[in-house]
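Residue numbers (the working numbering), protein chains in the order written: chain A, 774 to 1112; chain B, 774 to 1112.
So, in structure tokens, the structure goes:
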């Protein structure tokens, strides 16, 4: 081997191996569960635009923040937000200590397994259930309770574990963004402590990148052990206007990509994608997952009590947000169910 | 060049260049502004213990979370927390719109430049000043105001910019930890929005890794522009018990290293270093910066109104926290002042 050639091999191999983080090998498809259609092309075009060094729209790594709603965006949310089902299970398990629940809503409906009755008490009722189910436990007890539930409880219609009802195309999107040095966050109406139990394993999102509805906590030395105790007081309702507030509190800078599926995500999409002034020319992508597939998942939007999508869908056209049609755009929905 | 030799060169060079993140080249000192004494040795020993792959105490990268107090730990805090000085400057600048301040504490003392009078109103008085100075502004206005102040205002005694009053040995420690794949956070009583303006430039800590006292915010579309408005309502007082709570809210897992300098850091040190049960054998390091150097900085502890260090110092021995003696352990204090 001639020195010149060995040198050439050296640098080519070096530049290949040293590309950190691992980039997609040429020719492999980063989004195999997406049809080769408008949505997939728009996503790939956006990522290339902001990551290619010679692009006029190159965005430095530190600013590559992407925020994803969870319920209905990364996993299913019917017939009730999964955390609502967890709260129902927990209310039932602790009902013997609370005889008054038999006659008081939303507990009465919850104990009767009457989901429609629970839904009829509105978001406030659901929130009351969640806060009641969580109050007074230590952080460690709560974590263990969720861990036990998520590894055993099964969805009433599909029979799948809830962690099996995540969307395969979205897992691919999260990985694709991370391979392009995005920092991926969850920003969800779900409880932050609830999601942190499984977010790392299921989505590859570490606890410090999970933002969610937050109830207050206190700290004390309990029998010599440092202990965090959850109170029942809400400090962030991470829905609607609460989403940009949560992002501002926890991240402190605007994302360049946000994905949601309901009107609860409207303000996050606005905050992420609308330029502040004429100098602000950073490319930004808003994504809406539209539930259109009654066969493989559920079909709902404007009239749904859960994941209502109305205003955000109307605004999508004006803002050029990408509306992903689950039926059209995805070749499969769940990782393991074969659909 | 023979093929074998070229191959050898290739792999040696490759392994050298590809070591990501950059590790300290053998022989260079990662902490040059620290005397080769007990403190420096203990820090280096801890880091080696948890990072060497064949160590029984190896800690995976994801768990290498380090939290640092800011005031008095990473920069000076006398004669008043620097953000207090900023708030005073801002109160003065807006006093003409508030004639009632002339007769009401803590504003009266603040306007008279009477720091002792302000301190006499206690932590509540200082907090009132801070909240008043910040309320009602948009996030963008506030950021610009701090940016202007920090790039021009000078310390009344040293004549230095406040950003020049950071501790050089601590900058080296932050870099050393990051080179060993720690994720470094600020966890400080200071305002989160205040610190985020300069934390990235001064400490290399990105906004999403800054946790601090937090006042609430609201989101609205204002003239078509997505806008965050700061309210005057406190949602996290990131001091004492508030520090573990802030860590729990924002990070969601316990650090393995925490550094502070006052009783306001006691609970963070407890939360970080005390094992939860006998199975919890992860090595953990608590650091207390003891202000012992009246010549180069200030000397104070038990009797100081600012940065009072009493209980935490008493507990340090029992907990085996490392007490850093600024006078003994540091060969220099500030990066540029030559001391």
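We put the CB at the ideal spot given by N, CA and C, even for glycine.
Any C-beta of chain B under 7 angstroms from that of residue 992 of chain A: What you label residue 992 of chain A is simply residue 219 of the first chain in a count that begins at 1. Chain B contact via Cβ: present.
Nearest candidate by alpha-carbon position, reference residue 1106 of chain A, set A:846, A:1033 and A:1092: Mapped onto the first chain, residue 1106 of chain A falls at position 333. When each option's Cα is compared against that of residue 1106 of chain A, the closest is A:846.
Classification of residue 994 of chain A by the beta-carbon crowding that lies within 10 angstroms, buried from 16 upward: Sequence index remark: in the first chain, residue 994 of chain A carries index 221 (1-based). Per the 10 Å Cβ criterion, exposed.
Rounded Cβ spacing between residue 1034 of chain B and residue 1062 of chain B (contact assumed at less than 8 angstroms): Sequence index remark: in the second chain, residue 1034 of chain B carries index 261 (1-based). Sequence index remark: in the second chain, residue 1062 of chain B carries index 289 (1-based). About 4 angstroms; that satisfies the 8 angstroms criterion.
Where residue 898 of chain B falls: helix, strand or coil (DSSP): To locate residue 898 of chain B, count along the second chain from 1; it is residue 125. Taken through DSSP and simplified to helix, strand or coil, residue 898 of chain B comes out as helix.
Strand pairing of residue 915 of chain A, partner residues [DSSP]: Walking along the first chain from the start, residue 915 of chain A turns up at place 142. Looking at the DSSP output, residue 915 of chain A bridges to nothing.
Closer than 9 angstroms at the beta carbon, the chain B residues around residue 987 of chain A: Along the first chain, read from residue 1 onward, the residue named residue 987 of chain A stands at position 214. Proximity of chain B to residue 987 of chain A at the Cβ level (cut-off 9 angstroms) is accounted for by 1022, in chain order.
Anticipated Cβ contact below 8 angstroms, residue 883 of chain A with residue 858 of chain A, distance rounded: Counting from 1 along the first chain, the entry for residue 883 of chain A is found at position 110. Counting from 1 along the first chain, the entry for residue 858 of chain A is found at position 85. Approximately 11 angstroms separates the beta-carbon atoms of residue 883 of chain A and residue 858 of chain A; this is outside 8 angstroms, ruling out the contact.
Test: residue 917 of chain B CB closer than 7 angstroms to a CB of chain A: As a working note, residue 917 of chain B is residue 144 in the second chain. Answer no: the Cβ-Cβ gap between residue 917 of chain B and chain A never drops below 7 angstroms.
Residue-level contact to chain A via CB, residue 969 of chain B, 7 angstroms cutoff: Along the second chain, one-based indexing puts residue 969 of chain B at 196. With 7 angstroms as the cut-off, residue 969 of chain B counts as an interface residue toward chain A.
Terminal residues of the beta strand (DSSP E) in which residue 1092 of chain A lies: Here residue 1092 of chain A is taken as the residue at index 319 of the first chain, counted from 1. According to the DSSP assignment, residue 1092 of chain A belongs to no beta strand (DSSP E) but to the alpha helix (DSSP H) extending over 1084-1092.
Check whether residue 946 of chain B and residue 957 of chain B have beta carbons under 7 angstroms apart: In the second chain, the residue the question calls residue 946 of chain B occupies position 173. In the second chain, the residue the question calls residue 957 of chain B occupies position 184. Cβ distance not < 7 angstroms, so residue 946 of chain B and residue 957 of chain B don't count as in contact.
Best match in B:872, B:1007, B:830 and B:1103 for proximity to residue 962 of chain B [C-alpha to C-alpha]: Sequence index remark: in the second chain, residue 962 of chain B carries index 189 (1-based). Of the listed residues, the one whose Cα sits closest to residue 962 of chain B is B:1007.
Partners in chain B for residue 1044 of chain A, counting only beta-carbon separations shorter than 7 angstroms: Residue 1044 of chain A sits at position 271 when you count from the first residue of the first chain. Identification of chain B residues near residue 1044 of chain A by a Cβ-Cβ cut-off of 7 angstroms yields 992 and 999, ordered along the chain.
In chain order, each alpha helix (DSSP H) run of at least 4 residues that lies wholly inside the stretch 798-838 of chain B: Within the stretch 798-838 of chain B, the runs of alpha helix (DSSP H) that reach at least 4 residues and sit entirely inside it are, in chain order, 811-824.
Neighbour flag for residue 863 of chain B against chain A, beta carbons, 7 angstroms: For the purposes of this step, residue 863 of chain B is taken as the residue at position 90 of the second chain. With 7 angstroms as the cut-off, residue 863 of chain B does not count as an interface residue toward chain A.
Contact under 7 angstroms by Cβ, residue 1059 of chain B with residue 1087 of chain B: Here residue 1059 of chain B corresponds to residue number 286 of the second chain, with the count starting at 1. Here residue 1087 of chain B corresponds to residue number 314 of the second chain, with the count starting at 1. No. Outside cutoff.
Inter-residue Cα distance where the pair is residue 960 of chain B and residue 811 of chain A: Here residue 960 of chain B refers to the residue found at position 187 when the second chain is read from its first residue. Here residue 811 of chain A refers to the residue found at position 38 when the first chain is read from its first residue. Those two C-alpha atoms are separated by around 44 angstroms.
Closer than 7 angstroms to chain B by CB, residue 832 of chain A: To locate residue 832 of chain A, count along the first chain from 1; it is residue 59. Taking CB atoms only, residue 832 of chain A has no neighbour in chain B less than 7 angstroms away.
Secondary structure of residue 844 of chain B, DSSP reduced to three states: By 1-based counting over the second chain, the position of residue 844 of chain B is 71. Strand, per DSSP.
Euclidean distance between Cα positions of residue 925 of chain A and residue 856 of chain A: Residue 925 of chain A sits at position 152 when you count from the first residue of the first chain. Residue 856 of chain A sits at position 83 when you count from the first residue of the first chain. C-alpha separation (whole angstroms): 14 angstroms.
8 angstroms contact criterion, which residue 735 of chain A and residue 1029 of chain A should meet: CB distance rounded: For chain A, the structure presents residues 774 to 1112; residue 735 of chain A sits outside this window and is missing.
For residue 956 of chain B, the first and last residue of its enclosing beta strand (DSSP E): Reading the second chain from its first residue, position 183 is the one you call residue 956 of chain B. Bounds of the beta strand (DSSP E) holding residue 956 of chain B are 956-964.
Close beta carbons around residue 985 of chain A, own chain, < 6 angstroms, minus the five adjacent residues each side: The residue you call residue 985 of chain A lines up with position 212 of the first chain. Closer than 6 angstroms at Cβ, skipping near neighbours: 961, 963, 964, 965, 968 and 1011.
Identified DSSP bridge partners for residue 1003 of chain B: Within the second chain, the letter at position 230 stands for residue 1003 of chain B. For residue 1003 of chain B, the pairing in a beta bridge is given by DSSP as B:990.
Beta carbon of residue 822 of chain A nearer than 7 angstroms to that of residue 830 of chain A: Taking the first residue of the first chain as position 1, residue 822 of chain A is located at position 49. Taking the first residue of the first chain as position 1, residue 830 of chain A is located at position 57. Cβ distance < 7 angstroms, so residue 822 of chain A and residue 830 of chain A count as in contact.
Option nearest residue 1091 of chain B by Cα separation, candidates B:1018, B:1047, B:1002 and B:1067: Walking along the second chain from the start, residue 1091 of chain B turns up at place 318. When only C-alpha atoms are compared, the closest one is B:1047.
Spatially closest choice to residue 807 of chain A from A:940, A:1075 and A:1054, by CA coordinates: Numbered from its first residue, the first chain carries residue 807 of chain A at position 34. The option with the nearest alpha carbon to residue 807 of chain A is A:940.
Where residue 975 of chain A sits in the DSSP three-state scheme: Stepping through the first chain from its first residue, residue 975 of chain A is reached at position 202. Correct three-state label for residue 975 of chain A: helix.
Partner residues on chain B for residue 981 of chain A, Cβ-Cβ distance less than 9 angstroms: For the purposes of this step, residue 981 of chain A is taken as the residue at position 208 of the first chain. Result: 838, 956, 958, 981, 982, 1023, 1024, 1025 and 1026.
Contact residues within the stretch 1048-1061 of chain B, judged by C-beta distance below 8 angstroms to chain A: Residues 1049 and 1050.
Simplified DSSP state of residue 969 of chain A, which is helix, strand or coil: If you number the first chain from 1, residue 969 of chain A lands on position 196. Reduced to three states, the DSSP call for residue 969 of chain A is helix.
Residue 927 of chain B (DSSP reduced to helix, strand or coil): Reading the second chain from its first residue, position 154 is the one you call residue 927 of chain B. Residue 927 of chain B falls in the strand class under three-state DSSP.
Residue 816 of chain B to residue 1000 of chain A span [Cα, whole Å]: Against the second chain, residue 816 of chain B aligns to sequence position 43. Against the first chain, residue 1000 of chain A aligns to sequence position 227. Rounded to whole angstroms, the gap between the alpha carbons of residue 816 of chain B and residue 1000 of chain A is 27 angstroms.
Neighbouring residues, chain B, relative to residue 1040 of chain A (Cβ below 7 angstroms): Looking up residue 1040 of chain A in the first chain gives position 267. Against chain B, the beta carbon of residue 1040 of chain A has neighbours under 7 angstroms at 992, listed in chain order.
Beta-carbon neighbours of residue 835 of chain B, restricted to chain A and to distances below 7 angstroms: The count along the second chain starts at 1 and reaches residue 835 of chain B at position 62. Those within 7 angstroms of residue 835 of chain B in chain A are 979.
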